[in-house]
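K.L.:
Before I ask anything, here is the structure I am working with.
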Amino acid sequence: MAKNLEFKVRYDSIDNLLPKLQGLKATHKEVILQEDTYFHNPKGRLKLRETESSNDGWLIYYERPNNTESRYSIYELCRIPEPTPLKDLLSVSLGIKIIVKKERSFWLYKNTRIHLDTVEGLGEFVELETVFQGQSDKEATTEHQYVKTMLELNLADPIAVSYSEIPRD
Numbered sequence: 041m042a043k044n045l046e047f048k049v050r051y052d053s054i055d056n057l058l059p060k061l062q063g064l065k066a067t068h069k070e071v072i073l074q075e076d077t078y079f080h081n082p083k084g085r086l087k088l089r090e091t092e093s094s095n096d097g098w099l100i101y102y103e104r105p106n107n108t109e110s111r112y113s114i115y116e117l118c119r120i121p122e123p124t125p126l127k128d129l130l131s132v133s134l135g136i137k138i139i140v141k142k143e144r145s146f147w148l149y150k151n152t153r154i155h156l157d158t159v160e161g162l163g164e165f166v167e168l169e170t171v172f173q174g175q176s177d178k179e180a181t182t183e184h185q186y187v188k189t190m191l192e193l194n195l196a197d198p199i200a201v202s203y204s205e206i207p208r209d
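Per our numbering, the sequence shown starts with residue 41, numbered consecutively.
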C-alpha cells in the first residue's frame, strides 16, 4: 500500500494563504469539484471520488489514525472508468455513510500536495499530504514540517478526522 503524511486544519480564509503559497514557490495545478461518497466499511475508510472534469472516478481505501498531529496514512487507489455501476453496487452492499462535496484548489510543493478545500456545509480547510515516493521517512517528514511552518498551519485549528466525520451545521 502507498503511504503519505497528512495534516488538516480549519482555515478562516484560504485566500489569505495565497501569498504564503507564492513565497513557498508552490505550483498551482488546478481547481477541482469533487464528490466523495463514503461507504460503511468495517475497517478503514472507503470512498468513491467523482469529479466534474472527468468521467472516471477513483475508489480510495485508506487507514489513518484520528489525531490532530501530522499522521501517516496508508492507502490504495483504483481508477474506475465508469463509477456509477460500482457506486450502485457499493450503496446496496455496504450502504452510504455520507456524501461530501468540495471545491479543491490543488497546489504542489515537491512531494507535498497542498489542498485548499471549501467543503459544502463545513467551511474552509487546508490539507497537506506529503507522498512517500522513494525518499526516507526523515526526508518526507522534514519536507512536510517545512511546508507546515512556511504556511503557518501550526497556528490554525487542527482537524483529527475525515470530512465525512466532522459534524455538519
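The C-beta atom is built at its ideal place from N, Cα and C for all residues, glycine as well.
Can you tell me which of L191, S131, D157, V71 puts its alpha carbon nearest to the alpha carbon of V88?
P.N.:
Reading off the sequence, residue 88 comes out as Leu, not Val. Measuring from the Cα of L88, the nearest candidate turns out to be S131.
K.L.:
Starting from the Cα of K65, find the closest Cα among K150, Q185, R104 and give me that residue.
P.N.:
For the residues K150, Q185, R104, the minimum Cα distance to K65 belongs to K150.
K.L.:
Helix, strand or coil for G63, going by three-state DSSP, please let me know.
P.N.:
Helix at G63.
K.L.:
Got a sec, what are the start and stop residues for the beta strand (DSSP E) D157 sits in?
P.N.:
Counting along the chain, the beta strand (DSSP E) containing D157 begins and ends at 152–159.
K.L.:
Give me the Cα-Cα distance between V159 and R208, rounded to the nearest whole angstrom.
P.N.:
Answer to the nearest angstrom: the Cα atoms are 10 Å apart.
K.L.:
For T108, tell me which candidate among F47, Q74, T67, I154 has the shortest Cα-Cα distance.
P.N.:
With distances taken between Cα atoms, T108 lies closest to F47.
K.L.:
Would DSSP call S113 helix, strand or coil?
P.N.:
Three-state result, S113: strand.
K.L.:
Just how far apart, CA to CA, sit T152 and T124?
P.N.:
The alpha-carbon atoms of T152 and T124 are separated by roughly 31 Å.
K.L.:
What's the call for K178, buried or exposed, on a 16-neighbour Cβ count within 10 Å?
P.N.:
Burial call: exposed.
K.L.:
Taking E205 as the reference, give the member of L162, L195, L45 with the closest Cα.
P.N.:
The candidate whose alpha carbon is nearest that of E205 is L162.
K.L.:
Near E75, what residues of its chain come up, given a Cβ to Cβ distance below 6 Å and the 5 sequence neighbours on each side ignored?
P.N.:
So the qualifying residues of the chain are E90, K141.
K.L.:
Can you give me the C-alpha to C-alpha distance between L156 and L134, rounded to a whole angstrom?
P.N.:
When rounded, the distance between both Cα atoms is 30 Å.
K.L.:
Using only alpha-carbon positions, find the residue among N194, S145, Y112, G84 that is nearest to A180.
P.N.:
The residue with the shortest Cα to Cα distance from A180 is Y112.
K.L.:
Identify, in the order they occur along the chain, each residue of the same chain with its Cβ nearer than 8 Å to the Cβ of G63, setting aside the five sequence neighbours on each side.
P.N.:
Same-chain partners within the cutoff: M190.
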